[in-house]
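Working notes for the structure below.
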Amino acid sequence: MLTGGEYTNHGRQLQPETCQTELNLPRVLCVLSSTLEKLVARNEKLVHELSQEVDGSIRIGKSLNAFHGVRAPSISIPKYLERIYKYTNCSPSCFVVGYVYIDRLTHLHPDSLVISLNIHRLLVTSVMIASKMLDDEHYNNAVYARVGGVSNAELNKLELELLFLLDFGVMVSSRVFESYCLHLEKEMVVNGTGLIKVERALASPKAMLMDERDHNHLNHEPEILVEDDNNSNQSSPLPQILDSELTFS
1 MLTGGEYTNH GRQLQPETCQ TELNLPRVLC VLSSTLEKLV ARNEKLVHEL SQEVDGSIRI
61 GKSLNAFHGV RAPSISIPKY LERIYKYTNC SPSCFVVGYV YIDRLTHLHP DSLVISLNIH
121 RLLVTSVMIA SKMLDDEHYN NAVYARVGGV SNAELNKLEL ELLFLLDFGV MVSSRVFESY
181 CLHLEKEMVV NGTGLIKVER ALASPKAMLM DERDHNHLNH EPEILVEDDN NSNQSSPLPQ
241 ILDSELTFS
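All residue numbers for the sequence shown refer to full-length UniProt numbering, where the first residue is 1 and numbers rise by one.
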């Protein structure tokens, strides 16, 4: 599984945002953001070290290139996860399952690194797919695109890209889900934050993680349709009014 490792980056000691759980936010956001911040910092250090090789080349795989931006977004990982949760109303379990997908990517494509240029697009895409798999009701790609700061067309492409990179392995058993929850909790203890329990409960009794025996009986879950704004000046309605627009380059 993905682990954080050191906080250092280019010889500097990184100070990620203080992990504070607010009453209206699920604890998994705190745990996951801390783990991912450390992972990105470790990989950024590795990229820097590789760039210092004699020939100056960086031997990193290109599997995740579709998720790379021109520059790293200014919004932090904790704030980005909070934004996704706030405006999509996805269940907390979607963030754990999204993390499972990212971890699977790193094992299927070990030469590709999760770094600041791709982590945000990976997150919004993986959480969106997880919501489609877990939640009884979920918003479509148009809403996730607005919340995530990418175009609808780009998110559609990223969704297909992620599915193919995972070889469509998006089923997560209850046993695997529990193991990842325990792993995230252990990461917090190891890093001195203390024990923070990850939510196991799902949004509703119907939104259940599949056991292995149920993998062939997946029900198609309904989407909440959002008006397409391609032919209208109106923006797609959201569960809450966006307090700020977000755009990635």
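Heads up, the beta-carbon is just placed ideally off N, CA and C, and yes, glycines get one too. Computed from a prediction, not measured in an experiment: that's the story for all the values here.
(request) Just mark Ser74 as buried or exposed, buried being the case when its beta carbon has 16 or more other beta carbons within 10 Å. (result) When all chains shown are included, Ser74 counts as exposed.
(message) What would DSSP say about His48, mapped onto helix, strand or coil?
(response) DSSP places His48 in helix when its eight states are reduced to three.
(message) Among the candidates Leu113, Ala66, Ser93 and Tyr101, whose CA atom is the shortest distance from the CA of Lys38?
(response) Per the C-alpha coordinates, the member of Leu113, Ala66, Ser93 and Tyr101 positioned closest to Lys38 is Leu113.
(message) Please state whether the Cβ-Cβ distance between Pro78 and Ser116 is less than 8 Å.
(response) The Cβ atoms of Pro78 and Ser116 lie no closer than 8 Å to each other.
(message) If we require 4 or more residues per run, which alpha helix (DSSP H) segments fall completely within the region 101-157?
(response) Counting whole runs of 4 or more residues, the region 101-157 contains the alpha helix (DSSP H) stretches 119-134 and 141-148.
(message) Given this structure, state the Cα-to-Cα distance separating Ile129 from Glu159, to the nearest angstrom.
(response) Between Ile129 and Glu159, the C-alpha separation is close to 7 Å.
(message) Can you tell me where the alpha helix (DSSP H) holding Glu82 begins and where it ends?
(response) Glu82 -> alpha helix (DSSP H) spans Ile77 to Thr88.
(request) For Asn141, count neighbouring C-beta atoms within 10 Å of its own C-beta (all shown protein chains included) and say buried if the count is 16 or more, exposed if not. (result) Taking all protein chains in view, the Cβ of Asn141 is crowded by 16 or more other Cβ atoms within 10 Å, so the residue is classified as buried.
(message) Looking at chain B, is there any beta carbon in it that lies within less than 8 Å of the beta carbon of Glu161?
(response) In the structure shown, chain B does not exist; there is a single protein chain.
(message) Please report the straight-line C-alpha distance between Glu245 and Cys90, rounded to a whole angstrom.
(response) Approximately 19 Å between the Cα atoms of the pair.
(message) What does the Cβ neighbour count give for Thr247, buried or exposed, with the cut at 16 atoms within 10 Å?
(response) With fewer than 16 Cβ atoms within 10 Å of its Cβ, Thr247 is classed as exposed.
(request) Determine the burial state of Val28: buried for a count of at least 16 other Cβ atoms within 10 Å of its Cβ, exposed for fewer. (result) Counting Cβ neighbours within 10 Å, Val28 comes out buried, since at least 16 surround it.
(message) Considering Cα atoms alone, identify which of Arg121, Leu163 and Cys94 is closest to Asn152.
(response) Its Cα nearest to that of Asn152, the residue Arg121 stands out among Arg121, Leu163 and Cys94.
(request) Confirm, please, whether the CB-CB distance from Val97 to Phe168 is below 8 Å. (result) Using a Cβ distance threshold of 8 Å, Phe168 and Val97 do not count as a contacting pair.
(request) Can you tell me the Cβ-Cβ gap for Cys30 and Ile196, rounded? I've got them flagged as a contact below 8 Å. (result) Yes, they are in contact, since the Cβ atoms of Cys30 and Ile196 sit about 6 Å apart, within 8 Å.
(request) Thinking Ile60 and Val70 are a contact (beta carbons under 8 Å), I'd like their distance in whole angstroms, please. (result) For Ile60 against Val70, the beta-carbon gap comes to about 17 Å, at or over 8 Å, which does not count as contact.
(message) According to DSSP, simplified to helix, strand and coil, what is Val70?
(response) Val70: coil per DSSP, three-state reduction.
(message) Taking 8 Å as the threshold (C-beta atoms), are Tyr101 and Ser63 in contact?
(response) Against a cut-off of 8 Å, the Cβ pair of Tyr101 and Ser63 comes out as no contact.
(message) Applying the 10 Å Cβ sphere with the 16-neighbour rule, what's the burial state of Asp135?
(response) Asp135 should be labelled buried.
(message) Quick check: the Cα distance between Tyr80 and Gln52, rounded to an integer number of angstroms?
(response) A straight line joining the alpha-carbon of Tyr80 with that of Gln52 spans about 31 Å.
(request) Assuming Ile119 contacts Val40 (C-beta within less than 8 Å), just tell me the rounded distance between them. (result) A Cβ-Cβ separation of about 6 Å places Ile119 in contact with Val40 under the 8 Å criterion.
(message) Using the three-state DSSP reduction, which class does Phe168 fall into: helix, strand or coil?
(response) Here Phe168 sits in coil by DSSP.
(message) Quick check: the Cα distance between Val189 and Gly149, rounded to an integer number of angstroms?
(response) Taking the straight line from one Cα to the other gives about 33 Å.
(request) Classify Phe248 as helix, strand or coil using the three-state DSSP reduction. (result) Collapsing the DSSP output to three states places Phe248 in coil.
(request) State the DSSP-derived secondary structure class of Val198, mapped to helix, strand or coil. (result) Coil at Val198, not helix or strand.
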